[in-house]
Structure formats: C-alpha cells, structure tokens
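**Q** Heads up, the sequence shown is in this note's numbering, so the first residue is 1 and it goes up one at a time. By construction, the Cβ of each residue, glycine as well, lies at the ideal position given by its N, Cα and C atoms. This is the structure I have questions about; it appears just below.
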Amino acid sequence: HSVADMVALRVAVDDVEIAGQTIRKGEGIVPLLASANHDTEAFGCPHAFNPERTERRHVAFGYGVHQCLGQNLVRVEMEIAYRKLFERIPELRLAVPED
C-alpha cells in the first residue's frame, strides 16, 4: 500500500457536487485517497506492477499543497535500488509469466 492510505481530512472551500452528492462549503470530508490510485479510467491496469508506467496522476505522494516534498528523492532512490538489485542478481526474473 502507498502512503495515500493515510487519512486525509479535508474541508470544502466552495459548494461542489460529486457523483450527484452535494458537499457544502465548510463541510468536512474524509476521502479514501487509496481508491484514487485504483481508478481504471485514470490507469489502464491499475493493479498491475509496471515500473515503466507513464501515468503521473496518482496520489501516492499526496496532491496539491499536501504533496510530499521528498517524492523526487524517493523516485531517484528507487531507480538506484532496482539498478543495484539487478546488477547483484542478474538472473532475477518474474515468478509468474508476464502477461
């Protein structure tokens, strides 16, 4: 799971309608941010591990002013970690056939 599984309390700054439900200015909501990363309309195969995925609309690092300041560092660290892993274990392969 991503850090987006954390609770994110928000307050509406304007009246807004989402999926037929009106949220009035000043009302609080608790969005399930983790579900946003599983939206098949935003991501073709959201449950598939794809390190070459180009979609960047996920909220794993938060969104807007609440976005993680360290996200670019983490991306570089993961690239280095995977490169080192495959250098040390070049015979590493998927446990299941690639579909």
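Starting from Ile18, trace the beta strand (DSSP E) both ways and give me its first and last residue.
**A** Position 18 of the sequence shown holds residue 18. Segment Val16 to Ile18, the beta strand (DSSP E) holding Ile18.
**Q** When you compare only the Cα positions, how much space is there between Gly64 and His58?
**A** Position 64 of the sequence shown, counted from the start, is the residue given in the question as residue 64. Position 58 of the sequence shown, counted from the start, is the residue given in the question as residue 58. If you take the alpha carbons of Gly64 and His58, they lie about 12 angstroms apart.
**Q** Give me the DSSP bridge partner(s) of Ile23.
**A** Walking along the sequence shown from the start, residue 23 turns up at place 23. Val16.
**Q** What's the gap between the Cα of Arg56 and the Cα of Glu91?
**A** Numbered from its first residue, the sequence shown carries residue 56 at position 56. Numbered from its first residue, the sequence shown carries residue 91 at position 91. So the alpha carbons of these two residues sit roughly 30 angstroms apart.
**Q** State the beta-bridge partners of Arg10 as determined by DSSP.
**A** The count along the sequence shown starts at 1 and reaches residue 10 at position 10. The partner list for Arg10 (beta bridge, DSSP) reads Ile29.
**Q** With C-beta atoms as the reference, is His22 less than 8 angstroms away from Asp14?
**A** By one-based count along the sequence shown, residue 22 stands at place 22. By one-based count along the sequence shown, residue 14 stands at place 14. Note that residue 22 is Thr in the sequence shown, not His. Not in contact: Thr22 and Asp14 (Cβ atoms no closer than 8 angstroms).
**Q** In whole angstroms, what separates the C-alpha of Lys84 from that of Leu73?
**A** Numbered from its first residue, the sequence shown carries residue 84 at position 84. Numbered from its first residue, the sequence shown carries residue 73 at position 73. Going from the Cα of Lys84 to the Cα of Leu73 covers about 16 angstroms.
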